[in-house]
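Just so we're aligned, residue 224 is where the sequence shown starts under the working numbering, counting upward by one.
Everything below concerns the one structure shown next.
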Amino acid sequence: MKLHKNVDLLRGRIASALFRLAMPIVAGSIMGLLYNLTDMFWVGSLGFQALAAVGTGGMVFWFSEGILALVRSGTQITVGHTLGREDREDARRLARTGLKSTYILAVLVMAILISARRPLVAYFRLNEATTVAMTETYLWIVALGLVPTFGTRVLGALYTVDGNSKPPFLANTIGLIVNMALDPLFILVFKWGVAGAAWATTIAQTVAWLLLLYIMRGDRLLQKLELSRNFGDWYGFRRIFRTGYPIAAQAVARPFLASLISRIVAGFGDLYVAAQRLGVQVESISWLAADAFGTALNAFTAQNHGAGNRRRVRAGFGQAILLVSIFGIFTSLLLYFGAGLIASFFVDSAEEIVSVADYLRIAGVSQWPLCLEIVSIAAFTGLGRTFYPALIGVSMLALRVPMSIRLASTGLGIHGVWWTLTITSILSGLILSVSFALYSWRYERQGEALYSDG
Numbered sequence: 224m225k226l227h228k229n230v231d232l233l234r235g236r237i238a239s240a241l242f243r244l245a246m247p248i249v250a251g252s253i254m255g256l257l258y259n260l261t262d263m264f265w266v267g268s269l270g271f272q273a274l275a276a277v278g279t280g281g282m283v284f285w286f287s288e289g290i291l292a293l294v295r296s297g298t299q300i301t302v303g304h305t306l307g308r309e310d311r312e313d314a315r316r317l318a319r320t321g322l323k324s325t326y327i328l329a330v331l332v333m334a335i336l337i338s339a340r341r342p343l344v345a346y347f348r349l350n351e352a353t354t355v356a357m358t359e360t361y362l363w364i365v366a367l368g369l370v371p372t373f374g375t376r377v378l379g380a381l382y383t384v385d386g387n388s389k390p391p392f393l394a395n396t397i398g399l400i401v402n403m404a405l406d407p408l409f410i411l412v413f414k415w416g417v418a419g420a421a422w423a424t425t426i427a428q429t430v431a432w433l434l435l436l437y438i439m440r441g442d443r444l445l446q447k448l449e450l451s452r453n454f455g456d457w458y459g460f461r462r463i464f465r466t467g468y469p470i471a472a473q474a475v476a477r478p479f480l481a482s483l484i485s486r487i488v489a490g491f492g493d494l495y496v497a498a499q500r501l502g503v504q505v506e507s508i509s510w511l512a513a514d515a516f517g518t519a520l521n522a523f524t525a526q527n528h529g530a531g532n533r534r535r536v537r538a539g540f541g542q543a544i545l546l547v548s549i550f551g552i553f554t555s556l557l558l559y560f561g562a563g564l565i566a567s568f569f570v571d572s573a574e575e576i577v578s579v580a581d582y583l584r585i586a587g588v589s590q591w592p593l594c595l596e597i598v599s600i601a602a603f604t605g606l607g608r609t610f611y612p613a614l615i616g617v618s619m620l621a622l623r624v625p626m627s628i629r630l631a632s633t634g635l636g637i638h639g640v641w642w643t644l645t646i647t648s649i650l651s652g653l654i655l656s657v658s659f660a661l662y663s664w665r666y667e668r669q670g671e672a673l674y675s676d677g
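Set out below in structure tokens:
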């Protein structure tokens, strides 16, 4: 594997460029999915309380990922625009500012999660003291690894926007292998329970980060960045912030509003909390693949927008939509018709199998529109148009809370909550994909100046 060979996003066949850039991300996502499912298998052997604990802790870290989106997305998009203009020195300066901001943010979030873990866990209204204690333990241990976790995310975004997704794939794959090896060792052999799963995650993230730091020494964009230089680059940070804050607002709103949904689900019992957490891991096969193509499209769009290749931007969106549609339709059929069989791989009791299968069937209906939503958001943000998709996304997320309460109060019960998630995903996917199709037509025809780096 040639780690420092970049895909040319400005010239050549579009489908080939997107495919070559997305494939390592897809492979890494599949590895991540396999790990998550393996992790759920080992944690599930400890009981549904452990599953609920790890799932709840994961939701807290989902919130922290939303905060990270401010820097990660803003850095990736602004760097992509400057690379499209072939201003590599400005791209390096923005990368430097983004990485410094990332590490400062990671330390702050880590301190908050560790010191405030008890009120954070109490917010989710878990019903059993054992589940609460497990969640608090999982939270503080994984929080210790936020610096390498955040660093890995932003470094991966910078590699990808420069047309090279292989280094983050290699680093994350090795990290996942470490994690998969440590899980059974810590959980079954050392008998550390949920704490073992947490330590395995923290160690694996650190390994992946250190490997990326080693690889970046030979990268044309990232080598010798000297993070101590230009420590007060407020102009660069403003550019990153201006681009990234709508994305971060949506990314923070998503777990917050999802936590409100979780509290509604918890009212039906911890069994349904665990069923939904496991179901989300299984259905992630769809949005992880779509996110990989979305990441590739975002880099492609950012560079071509910076270079003024408007027709290529629009054509890239069409190619990406076609690719993810094939996968989204397949996943919808798989989850709907194979729900019972899939659920039986991860849980044993008949009640648990039925609960997980019910979630998967309902979620399966929305997988194709969900893929359309992810790719459309990536296209909008690649142009620097981050506000509109964030507005639609937050609106659909906010709708979920009253709609869940209303449908759950009917004879649908817990299924009413899950149907709410599916219906809003379908609406969001259709609105955003049609919106960008119309917007890109106008963008190409009129040649409007849609974004300015300042």
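The beta carbon of each residue, even a glycine, is placed where N, CA and C say it ideally should be.
As the structure is a prediction and not an experimental result, all values here were calculated from the model.
- Here the alpha carbon of A318 sits roughly 17 Å from the alpha carbon of G607.
- Membership of G605 in the alpha helix (DSSP H) is indicated by the continuous run Q590 to G605.
- Taking C-beta atoms under 8 Å as the contact rule, G386 and A522 qualify, at a distance of about 7 Å.
- For I410, no alpha helix (DSSP H) segment is defined, and its DSSP state is neither H nor E.
- Its Cα nearest to that of I565, the residue L583 stands out among L583, A356 and F392.
- One Cα belongs to V412, the other to A404, and the distance between them is close to 12 Å.
- DSSP, reduced to helix, strand and coil, places S572 outside both helices and strands of the structure shown, so it counts as coil.
- The alpha helix (DSSP H) runs lying completely inside the segment 475-535 and spanning 4 residues or more are 493-530, given in chain order.
- Within the segment 326-391, complete alpha helix (DSSP H) segments of at least 4 residues are found at 340-345, 352-366 and 369-384, given in chain order.
- Where S296 is concerned, the enclosing alpha helix (DSSP H) starts and stops at F271 to G307.
- If you compare the alpha carbons of T518, I646 and S618 with that of I597, the shortest gap goes to T518.
- As the crow flies, the alpha-carbon of D493 is around 24 Å from that of G561.
- V230 sits in coil when the DSSP states are folded into three classes, being neither helix nor strand.
- Going by C-alpha positions, R243 is about 36 Å away from A498.
- The beta carbon of A240 is closer than 6 Å to those of V230 and L232 in its chain, skipping five residues each way along the sequence.
- The way I'd put it, the segment 288-296 does touch the segment 465-484; three or more beta-carbon pairs between them come closer than 8 Å.
- With a threshold of 16 other beta carbon atoms within 10 Å, E575 meets it and is buried.
- Bounds of any alpha helix (DSSP H) do not take in M439, whose DSSP letter is neither H nor E.
- Counting only residues of its own chain and dropping the five nearest sequence neighbours on each side, T279 has a CB closer than 6 Å to the CB of F347 and T358.
- Exclusion of the five residues before and after D262 leaves D406 and A420 as the residues of its chain whose Cβ lies within less than 7 Å of its Cβ.
- Residue state for R629 is assigned as helix, using DSSP reduced to three classes.
- In this structure, L269 sits away from V365, with a CB-CB distance that is not shorter than 9 Å.
- The Cβ atoms of R311 and L444 lie closer than 9 Å to each other.
- For S268, there is no enclosing alpha helix (DSSP H), as DSSP marks it with neither H nor E.
- Using a 10 angstroms sphere on the CB of L661, the tally of other CB atoms stays under 16, which defines it as exposed.
- Contact between the segment 418-437 and the segment 246-256 is absent: fewer than 3 CB-CB pairs across the two stretches fall below 8 Å.
- Nearest C-alpha to K447 among L322, V505 and Y468: L322.
- Note on geometry: alpha-carbon atoms of V430 and A394 lie some 8 Å from one another.
- Considering only W591, F491, S485 and S599, the residue with the shortest C-alpha distance to R537 is S599.
- With respect to the C-alpha of R234, the residue from W422, L511 and T524 having the closest C-alpha is T524.
- Assigned with DSSP and collapsed to three states, W432 falls in helix.
- Ranked by Cα distance from R236, the options S627, A380 and R535 are led by R535.
- When T645, T609 and L546 are compared, the shortest CA-CA separation from V588 is found for T645.
- In the assembly as shown, K228 is an exposed residue. Its beta-carbon has fewer than 16 other beta-carbons within 10 Å.
- Boundaries of the alpha helix (DSSP H) around L564: A562 to S567.
- For G467, same chain residues with a beta-carbon under 6 Å away, outside a window of 5 residues either side, are L293, S296 and G297 in chain order.
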